[in-house]
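K.L.:
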Amino acid sequence: MNVGVVIVGFGSVGRALTVELGNVGSRLGVRVLGALSSRGGVVVRGARDLNALHRLASSGLKLDEHPSFREGMGLGDLLSSTSPNLAFVALPPSYVTGEPNESMFRELVERGVSIVTADKTVLARGFRGFMDYAERRGVYVGFRATVAAGTPFTDLVRGLRGREVAGFRAILNSTTNYILSLVESGMSFREALGRAVREGYAEPDPSVDVDGWDPAAKLAILASVLGRDVGIHNVERVSLRGVDEGGVRSAVREGCRVRYVAEALIDREVFRVAPLKVCGNSQLLRTPSTHNCIEIYVEGGEVITLSGPAGPAWRTAKVMISDMVEYIERRARFRSNL
Ligand SMILES: NC(=O)c1ccc[n+]([C@@H]2O[C@H](COP(=O)([O-])OP(=O)(O)OC[C@H]3O[C@@H](n4cnc5c(N)ncnc54)[C@H](OP(=O)(O)O)[C@@H]3O)[C@@H](O)[C@H]2O)c1
């Protein structure tokens, strides 16, 4: 079976994905037809273009460096030139307005192009509406990479639908976990944030992490998978910037830890991201800074826990390949039923 794919967003994730497709693509019958960045795109017309794309990806270079780069090419041009089955979306998030991400996702669905996304924007702002729309159009949407990429939180939560889930508490952002660990060891929040940016844990504009947008988006997606109509704008965000540094250190002395916790208390309609003191047997207490962790509270107060590595880009790319495998399997099943 031949699957034509395009890569929308050629940053850390888009490049890692291109490398991964180079490793597994031909075995799975997948061909890369093109790629897009903010300033233009590339249509892959033959082996030379494909090799150049792989070279850029493995050397961490921008798409503009490609010899066939066309300045000003937009998503519509790329889709018209390539007619892909599937688009991998690795755009930066845009939680406030949703644009241009929402228009781009709509364009993909309108054209019947299936989607595997690492970008949370559209699902965090309106999960059910978008998934219903895609389903009506017969379009697959894979989103495992949007939450804890590397550890299948969305699969776990999906497996609990129909059960009595009272809620969950989770660490969904490794950057803030790292910053809090540095504060525990004596740094001020400002110093810890500066170090996280210098070491590449946090973006130069770390607001997405420390003001809670990123974990709030992930919380909204997980709660939506559980069947709740929660968007990112329904999630209360308490910024980490005001965290009590003394409180972070004294929590350690008490055998507890302060963590930036995403909390969904479903019956009480509480959806919040905030610094929280975690004590006792909670696995959240022992989550290393590169990991994410979720505790889900089910019938009779029982707790189901999953913890594992999340990100960086290479792991995210692998998770996007898992979604692609699911897409290929569904397509094969659908065809055999025709
Ligand atoms: N990095 C991770 O480990 C990780 C893990 C899970 C999820 N994610 C999510 O994955 C997404 C991508 O992350 P990243 O780290 O790869 O970001 P990134 O390095 O900033 O790359 C973003 C890419 O999108 C391109 N882009 C921006 N606006 C565009 C537009 N309007 N049209 C087409 N392309 C556009 C950029 O173009 P230029 O090259 O021209 O700047 C760049 O190539 C984000 O939503 C992030 O939250 C990332």
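Numbered per the working numbering, the sequence shown spans residues -2 to 335.
Note that beta-carbon positions come from the ideal geometry of N, C-alpha and C, so glycine has one too.
Based on the DSSP secondary-structure assignment, which residues constitute the bridge partners of K274?
P.N.:
Position 277 of the sequence shown, counted from the first residue, corresponds to residue 274. Paired residue(s): V255.
K.L.:
Anyone know if the C-beta pair for D116 and L76 falls short of 8 Å?
P.N.:
Taking the sequence shown and counting its residues from 1, the one referred to as residue 116 is at position 119. Taking the sequence shown and counting its residues from 1, the one referred to as residue 76 is at position 79. Not in contact: D116 and L76 (Cβ atoms no closer than 8 Å).
K.L.:
Please go through the region 18 to 69 and give each complete beta strand (DSSP E) segment of 3 or more residues, from N-terminal end onward.
P.N.:
As far as the region 18 to 69 is concerned, its whole beta strand (DSSP E) runs of at least 3 residues are 27 to 33 and 37 to 40.
K.L.:
Beta carbon of L258, beta carbon of A314: below 8 Å?
P.N.:
Working through the sequence shown from its first residue, we reach residue 258 at position 261. Working through the sequence shown from its first residue, we reach residue 314 at position 317. Note on residue identity: the sequence assigns Val, not Leu, to residue 258. No. Outside cutoff.
K.L.:
Ligand 1 and F7: does any heavy atom of the ligand fall closer than 7 Å to the residue's C-beta?
P.N.:
Taking the sequence shown and counting its residues from 1, the one referred to as residue 7 is at position 10. Checking the Cβ of F7 against ligand 1 gives yes.
K.L.:
Report all residues from its chain with a CB closer than 8 Å to the CB of G57; omit the five preceding and five following residues, and keep chain order.
P.N.:
Counted from its first residue, the sequence shown places residue 57 at position 60. Closer than 8 Å at Cβ, skipping near neighbours: R12.
K.L.:
Taking 8 Å as the threshold (C-beta atoms), are L83 and E104 in contact?
P.N.:
Within the sequence shown, residue 104 is the residue found at index 107, counting from 1. Within the sequence shown, residue 83 is the residue found at index 86, counting from 1. Contact flag unset, no.
K.L.:
Give the range of the alpha helix (DSSP H) segment to which L216 is assigned.
P.N.:
For the purposes of this step, residue 216 is taken as residue 219 along the sequence shown, with counting starting at 1. That run of the alpha helix (DSSP H) goes W210 to V222.
K.L.:
For H230, count neighbouring C-beta atoms within 10 Å of its own C-beta (all shown protein chains included) and say buried if the count is 16 or more, exposed if not.
P.N.:
Locating residue 230 in the sequence shown gives position 233, counting from the first residue. The residue in question, H230, is exposed, as its Cβ has fewer than 16 Cβ neighbours within 10 Å.
K.L.:
If you measure from the CB of G308, is any heavy atom of ligand 1 nearer than 7 Å?
P.N.:
Numbered from 1 along the sequence shown, position 311 holds the residue referred to as residue 308. Yes - ligand 1 has a heavy atom lying nearer than 7 Å to the Cβ of G308.
K.L.:
Could you check if V0 belongs to the surroundings of ligand 1, using beta carbon to heavy atom distance under 7 Å?
P.N.:
As a first step, residue 0 is located in the sequence shown; it is residue number 3 there, counting from the start. Every heavy atom of ligand 1 is 7 Å or more from the Cβ of V0, so no.
K.L.:
How about S324 and Y137: are their beta carbons less than 8 Å apart?
P.N.:
Within the sequence shown, numbered from 1, the residue matching residue 324 stands at position 327. Within the sequence shown, numbered from 1, the residue matching residue 137 stands at position 140. It should be noted that the sequence gives Tyr, not Ser, for residue 324. Closer than 8 Å, so yes.
K.L.:
Alpha carbons only, please: which of E296, V245, G277 and R327 is nearest the one belonging to R158?
P.N.:
Locating residue 158 in the sequence shown gives position 161, where the first residue counts as 1. The shortest Cα separation from R158 among E296, V245, G277 and R327 belongs to E296.
K.L.:
Check the DSSP bridge columns for I4 and list the partner residues they point to.
P.N.:
Against the sequence shown, residue 4 aligns to sequence position 7. DSSP lists A32 and F85 as partners of I4.
K.L.:
Return the CA-CA distance between V10 and W311, expressed in angstroms with no decimal places.
P.N.:
For the purposes of this step, residue 10 is identified with residue 13 of the sequence shown, where counting begins at 1. For the purposes of this step, residue 311 is identified with residue 314 of the sequence shown, where counting begins at 1. In a straight line, the C-alpha of V10 is about 7 Å away from that of W311.
K.L.:
Looking only at DSSP bridge pairs, what is Y175 linked to?
P.N.:
Within the sequence shown, residue 175 is the residue found at index 178, counting from 1. According to DSSP, which records beta bridges pairwise, Y175 is partnered with nothing at all.
K.L.:
Can you tell me whether D208 sits near ligand 1, meaning its C-beta is under 7 Å from at least one heavy atom of the ligand?
P.N.:
Taking the first residue of the sequence shown as 1, we reach residue 208 at position 211. No - ligand 1 has no heavy atom lying nearer than 7 Å to the Cβ of D208.
K.L.:
Apart from the five residues just before and just after S78, which ones in its own chain have a Cβ nearer than 6 Å to its Cβ?
P.N.:
Position 81 of the sequence shown, counted from the start, is the residue given in the question as residue 78. Answer for S78: V40, listed in chain order.
K.L.:
Determine the burial state of F124: buried for a count of at least 16 other Cβ atoms within 10 Å of its Cβ, exposed for fewer.
P.N.:
By 1-based counting over the sequence shown, the position of residue 124 is 127. Buried is the call here.
K.L.:
Between the C-alpha atoms of V322 and V205, what's the straight-line distance to the nearest angstrom?
P.N.:
The residue given as residue 322 occupies position 325 in the sequence shown. The residue given as residue 205 occupies position 208 in the sequence shown. Approximately 30 Å, taken between the alpha carbons.
K.L.:
Alpha carbon to alpha carbon, how far is L190 from V0?
P.N.:
Stepping through the sequence shown from its first residue, residue 190 is reached at position 193. Stepping through the sequence shown from its first residue, residue 0 is reached at position 3. Roughly 43 Å separates the two Cα atoms.
K.L.:
Taking the straight line between their C-alpha atoms, what separation do you get for F85 and S185?
P.N.:
For this step, residue 85 is matched to residue 88 along the sequence shown. For this step, residue 185 is matched to residue 188 along the sequence shown. Answer to the nearest angstrom: the Cα atoms are 39 Å apart.
K.L.:
Closest to L33 by C-alpha separation, out of R330, D74 and N48, would be which residue?
P.N.:
Indexing the sequence shown from 1 puts residue 33 at position 36. Cα-wise, what sits closest to L33 is D74.
K.L.:
What is the DSSP secondary structure of F127, counted as helix, strand or coil?
P.N.:
In the sequence shown, residue 127 corresponds to position 130, counting from 1. Note: F127 maps to helix in three-state DSSP.
K.L.:
Taking the beta strand (DSSP E) that G164 belongs to, which residues open and close that run?
P.N.:
Within the sequence shown, numbered from 1, the residue matching residue 164 stands at position 167. G164 to I168 is the span of the beta strand (DSSP E), which, as asked, contains G164.
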